[in-house]
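Asker:
In our numbering, the protein residues as written are 279 to 383.
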């Protein structure tokens, strides 16, 4: 009876080891796929950054040609974005505060 129990435990252990081995192989494949995707994405991002730099150079040249001050346009755009973000943040806070107050009354 002792040998039967031991054989059963060994078989259970072997089954668990096989499942663990399969899971490790699946995870290894997933990691390899993820690494490949990261490399491909990095290459695409680099290409897009290069293309964007080229487009920026063309835009700068055209702007200079027609007399547009890109620095002032860029500064104005950043100010507008910052003001919009500040307004959105204040509006969300005010809405949350007024909702909380009306719920108490």
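Backbone N, C-alpha and C fix where the C-beta goes; we use that ideal spot for every residue, glycine too.
I believe residue 341 touches residue 348 by the beta-carbon criterion, under 8 Å. Please report the beta-carbon distance rounded to the nearest angstrom.
Answerer: Indexing the chain shown from 1 puts residue 341 at position 63. Indexing the chain shown from 1 puts residue 348 at position 70. With 8 Å as the limit, residue 341 and residue 348 qualify as a contact, their Cβ atoms being about 5 Å apart.
Asker: Under three-state DSSP, which class holds residue 340?
Answerer: Looking up residue 340 in the chain shown gives position 62. Note: residue 340 maps to helix in three-state DSSP.
Asker: Could you tell me the distance, in whole angstroms, from the CA atom of residue 282 to the CA atom of residue 292?
Answerer: What you label residue 282 is simply residue 4 of the chain shown in a count that begins at 1. What you label residue 292 is simply residue 14 of the chain shown in a count that begins at 1. The straight-line gap from Cα to Cα measures roughly 15 Å.
Asker: Let me know the secondary structure DSSP gives residue 346 once reduced to three states.
Answerer: Residue 346 sits at position 68 when you count from the first residue of the chain shown. Of the three classes helix, strand and coil, the one that applies to residue 346 here is coil, per DSSP.
Asker: Residue 328 to residue 316, Cα distance in whole Å?
Answerer: As a first step, residue 328 is located in the chain shown; it is residue number 50 there, counting from the start. As a first step, residue 316 is located in the chain shown; it is residue number 38 there, counting from the start. Between residue 328 and residue 316, the C-alpha separation is close to 18 Å.
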